[in-house]
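First comes the structure, then the notes that go with it.
Number of protein chains: 2
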Amino acid sequence: MAASVETTIARSAQMQPLATSHLFEASEPLLLDCGQSLSPYAIAYQTYGTLNAAKSNAILICHALTGDQHVANVHPITGKNGWWETLVGPGKPIDTTRFFVICSNILGGCLGSTGPASINPATGKAWGLDFPVITIGDMVDAQVRLIDHLGIAQLFSVVGGSMGGMQVLEWAARHKERVLTAIPIATAAWHSSQNIAFHEVGRQAVMADPDWAKGAYLAAGVVPRRGLAVARMAAHITYLSEKALQQKFGRNLQDRAKRSFSFNADFQVESYLRHQGSSFVDRFDANSYLYITRAMDYFDLAAEHGDVLANAFRGTTTRFCVVSFTSDWLYPTAESKEIVQALNAVAANVSFVEIDSDKGHDAFLLDEPEMFDCVRGFINAAAAKIGIGKQAKA
Amino acid sequence: MAASVETTIARSAQMQPLATSHLFEASEPLLLDCGQSLSPYAIAYQTYGTLNAAKSNAILICHALTGDQHVANVHPITGKNGWWETLVGPGKPIDTTRFFVICSNILGGCLGSTGPASINPATGKAWGLDFPVITIGDMVDAQVRLIDHLGIAQLFSVVGGSMGGMQVLEWAARHKERVLTAIPIATAAWHSSQNIAFHEVGRQAVMADPDWAKGAYLAAGVVPRRGLAVARMAAHITYLSEKALQQKFGRNLQDRAKRSFSFNADFQVESYLRHQGSSFVDRFDANSYLYITRAMDYFDLAAEHGDVLANAFRGTTTRFCVVSFTSDWLYPTAESKEIVQALNAVAANVSFVEIDSDKGHDAFLLDEPEMFDCVRGFINAAAAKIGIGKQAKA
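From first to last, the protein sequence lines are chains A and B.
With the numbering used here applied, the first sequence covers 1 to 394.
With the numbering used here applied, the second sequence covers 1001 to 1394.
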């Protein structure tokens, strides 16, 4: 049993109420990979477009580490456009005049879904570090309950970049019959040693902040702003490419003609990073950051299937479209190719494109016409096969 | 006037006395690039081998960001071998039976040379943030005074990797007539936007630590251990390559068979990084870290010479040997090639080798036989030209 209510979601005890998202409040417990059961839990989500009578036109968008459900509407905290409005909307490659698009805040997130900043019913206080450590599979299983609740037997597509792509792969592996097409972008089937290392730096930066208060900062009435900002700064470098940084900032000075011979933000790139750090703290919960990075580190689809990645996809009838970017050093093309090889090994239907871009990992969020064309073409072809009407002109 | 004394150096008010290094105590002020004069200041240094009668066999080794003067002897704090014993010593490519090798702790350092942890004579307290912001050029100018003091008109060679290589380039640019040969390894003539970004993350991590105490932690009797450890962890990732991390650690778990579903150091790479962070704090001063990274960020040899790098070397008679490593993403080969092109533009004598290695930037400190052969060959050829005797058998 589950109840869906249009509600105003309080993000945490200290944050302002958000604009309305739908809220799916699950009444059945969720059995997590760690062995614990989570109950109750809720998943906040946005929808765009209309579900058709056959319920065959639903597309689930999975967000990345610091993303949320606001994929194609103005963000209630930042006031910025939806994070993937270039890809999702009326006439866009994922066309909301034809498809019913769902995007939910992940389990463990901090924008309405249950996470470490939510109230633990056993104590009446924020979960903090008592929240169970979750996995990408757990995030997907919670999404499955949401899709059940919406009465959708099979998703036309599951689409996501970065950690969103990990969820796409997990959907395709754990819930084969419910995924007609899958579009994992700029992602990998496992988290590399270097990626774990960068995440660990971020976690240690948060935990080094005395205002983290051993995870109980909400109860203590503080926020580990400095630590979380440092974590974001370090991570942000990995989202770009050296070339992108050099082209965007080079060694340009910020608001000055000469070096100040001080520790001020002399260089534009320093000023930019400091802004990325401080603005992130205003919209993200520090413990959520710990939990989500941990889930990514734990992700290893082959390990879940006898150390053979192809086993994850054995028997699949899903059609895959795998996308990578040449300058993405966080999830380099070689890791997308491993996915493609595993799919080939089980004779799955897969197309793969490596897109030439100098924008680094963040390319998947940016204006990349080749990615748009690729997604549009793949979706239109699959839609034609099952008789979903033609796309409106862009 | 200057005095040289064999002395026991106190590294900072809080640290144990070090084993003996030579100490050059300058009596003349040093005019810094920022416009300030520094006086008094001291440079701690080690020597190996014997200066010949002609004073023609002196080689200066320049250390990197977290290095020090203990290039070829057991380190007085860590008890580890000298940091470049693979390259420097009896029978080694830089053979201390033939050459008089000098290695000094840089100005701004924390192992005996004057830096922010030293006592400011004006206040009787540690300099802290009152220490002037220095440049690579300032470090080199202080070394010049040391070389003057040792009575050496021309160095047979100046050799260094990473920030040591920046010093080599600055020596060759500022003091052409005093450098017979120069060996810049795994370095660049300017610090890229991405490298500035990583340094800024490190500085912000230090400054975010309340125990940094706005730079006055020595007076406050504390040490910003957590912040400095995070800074070191982030930097350390950049010294390796993704492949090196994957080969060394992969996704191997540390002392456990299964994931712990916690924020413990489940993965070996996490445990390794935490160790790198915590052990670094025992041997390095946080403010020195700020000042030295700043000097590296400010380094831009072309900007010092009308934005034309070749101008830095115009009129040089120095012989150069430039070395890079294929997997070094901190100072990629392209940046070494810029140096070579600038040298070619002024018809300088330069040889260049890119060494195939998967060990990343740290390769310059590791067992890289091709680098040893290259340095040995280059030095032997130059030594033969000026009649320094043959190398003993390795």
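Each residue gets a CB set at the ideal place from its N, CA and C atoms; glycine is no exception.
Tell me the DSSP bridge mates of residue i?
| i | result |
| --- | --- |
| I125 (chain A) | The question names Ile, but residue 125 (chain A) is Lys in the sequence shown. Answer by DSSP bridge pairing, in chain order: A:N120. |
| D1356 (chain B) | Paired residues: none, contrary to the question. |
| Y331 (chain A) | In the DSSP output, where bridge partners are listed per residue, Y331 (chain A) has none listed. |
| G181 (chain A) | Note on residue identity: the sequence assigns Thr, not Gly, to residue 181 (chain A). Beta-bridge pairing links T181 (chain A) to A:S157, A:R319. |
| I59 (chain A) | A:V101, A:S157 |
| I94 (chain A) | A:V88 |
| S324 (chain A) | A:E354 |
| L1081 (chain B) | Reading off the sequence shown, one finds Asn at residue 1081 (chain B), where the question assumed Leu. None; N1081 (chain B) has no bridge partner. |
| F1267 (chain B) | B:L1253 |
| Y400 (chain A) | The structure shown has nothing for residue 400 (chain A), since chain A only spans 1 to 394. |
| S1037 (chain B) | B:L1031 |
| N1073 (chain B) | DSSP, once it has assigned bridges, lists no residue as partnering N1073 (chain B). |
Quick check on residue i: buried or exposed, where buried means 16 or more other Cβ atoms within 10 Å of its Cβ?
| i | result |
| --- | --- |
| N1252 (chain B) | exposed |
| A1186 (chain B) | buried |
| I379 (chain A) | buried |
| P1090 (chain B) | exposed |
| M1256 (chain B) | Per the sequence presented here, residue 1256 (chain B) reads as Arg, with Met not at that position. Answer is exposed; the Cβ neighbour count stays below 16. |
| G1387 (chain B) | exposed |
| V1281 (chain B) | buried |
| A122 (chain A) | exposed |
| L1180 (chain B) | buried |
| L1366 (chain B) | exposed |
| S1260 (chain B) | exposed |
| T79 (chain A) | Correcting the residue type first, residue 79 (chain A) is Gly in the shown sequence and not Thr. So G79 (chain A) counts as exposed. |
| D130 (chain A) | exposed |
| Q1167 (chain B) | buried |
| A153 (chain A) | exposed |
| Q46 (chain A) | buried |
| G1215 (chain B) | buried |
| N972 (chain B) | The structure shown does not extend to residue 972 (chain B), since chain B is modelled only from 1001 through 1394, so no value can be given for it. |
| A219 (chain A) | exposed |
So, residue i versus residue j, is the Cβ gap smaller than 7 angstroms?
| i | j | result |
| --- | --- | --- |
| G221 (chain A) | A208 (chain A) | no |
| V1206 (chain B) | A1117 (chain B) | no |
| G277 (chain A) | R232 (chain A) | yes |
| G360 (chain A) | S241 (chain A) | yes |
| F1313 (chain B) | A1348 (chain B) | yes |
| G49 (chain A) | V101 (chain A) | yes |
| T1318 (chain B) | A1189 (chain B) | no |
| I1061 (chain B) | V1071 (chain B) | yes |
| A142 (chain A) | L51 (chain A) | no |
| D356 (chain A) | T326 (chain A) | yes |
| D1138 (chain B) | D1033 (chain B) | yes |
| R203 (chain A) | L330 (chain A) | no |
| L1023 (chain B) | A1053 (chain B) | no |
| A1295 (chain B) | T1135 (chain B) | yes |
| L1087 (chain B) | I1094 (chain B) | yes |
| F372 (chain A) | V350 (chain A) | no |
| V269 (chain A) | S1193 (chain B) | yes |
| N1105 (chain B) | D1068 (chain B) | yes |
| Y239 (chain A) | D358 (chain A) | no |
| V340 (chain A) | A310 (chain A) | no |
| S1336 (chain B) | V1322 (chain B) | yes |
| N1073 (chain B) | F1099 (chain B) | no |
| Y41 (chain A) | T114 (chain A) | yes |
| A1234 (chain B) | A234 (chain A) | yes |
| H199 (chain A) | D297 (chain A) | yes |
| S1021 (chain B) | G1112 (chain B) | yes |
What residues from chain E crowd round residue i, counting only those whose CB sits closer than 7 angstroms?
| i | result |
| --- | --- |
| C34 (chain A) | Here the protein chains are A and B, and chain E is not one of them. |
Return yes when the C-beta of residue i is under 6 angstroms from any heavy atom of the ligand ADP, and no when it is not.
| i | result |
| --- | --- |
| G91 (chain A) | Ligands in the displayed structure: none, and consequently the ligand ADP is not present. |
Legend entry - Whole alpha helix (DSSP H) elements within the stretch 287-320 of chain A, 4-residue minimum: 309-313
Inset, instruction - May I ask you to list, following chain order, the residues of the stretch 1152-1173 of chain B that have a beta carbon less than 9 angstroms from some beta carbon of chain A? - result: none
Inset, instruction - Could you list the residues in the stretch 185-219 of chain A with a C-beta less than 7 angstroms from some C-beta on chain B, going in chain order? - result: W190, S192, S193, Q194, I196, A197, F198, E200, V201, R203, Q204, A205, A208, D209, P210
Inset, instruction - Could you tell me which uninterrupted alpha helix (DSSP H) segments, each at least 4 residues in length, are contained entirely in the stretch 1171-1232 of chain B, listed from first to last along the chain? - result: 1193-1208, 1217-1220
Inset, instruction - Residues of the stretch 230-250 of chain A with a CB closer than 7 angstroms to any CB of chain B: list them in chain order, please. - result: V230, M233, A234, I237, E242, L245, Q246, F249, G250
Inset, instruction - May I ask you to list, following chain order, the residues of the stretch 1257-1281 of chain B that have a beta carbon less than 9 angstroms from some beta carbon of chain A? - result: R1259, S1260, F1261, S1262, F1263, A1265, D1266, F1267, Q1268, V1269, E1270, Y1272, L1273, R1274, G1277
Inset, instruction - With 9 angstroms as the C-beta to C-beta threshold (strictly closer), list the residues of the stretch 30-58 of chain A near chain B in chain order. - result: L32, D33, C34, G35, Q36
Inset, instruction - Please go through the stretch 368-393 of chain A and give each complete alpha helix (DSSP H) segment of 4 or more residues, from N-terminal end onward. - result: 369-385
Inset, instruction - Quick one: which residues of the stretch 292-314 of chain A get their C-beta closer than 9 angstroms to a C-beta of chain B? List them in chain order. - result: R294, D297, Y298, D300, A303
Inset, instruction - Check distances from the C-beta atoms of the stretch 109-135 of chain A to those of chain B and list, in chain order, the residues that come in under 8 angstroms. - result: L129, P132, V133
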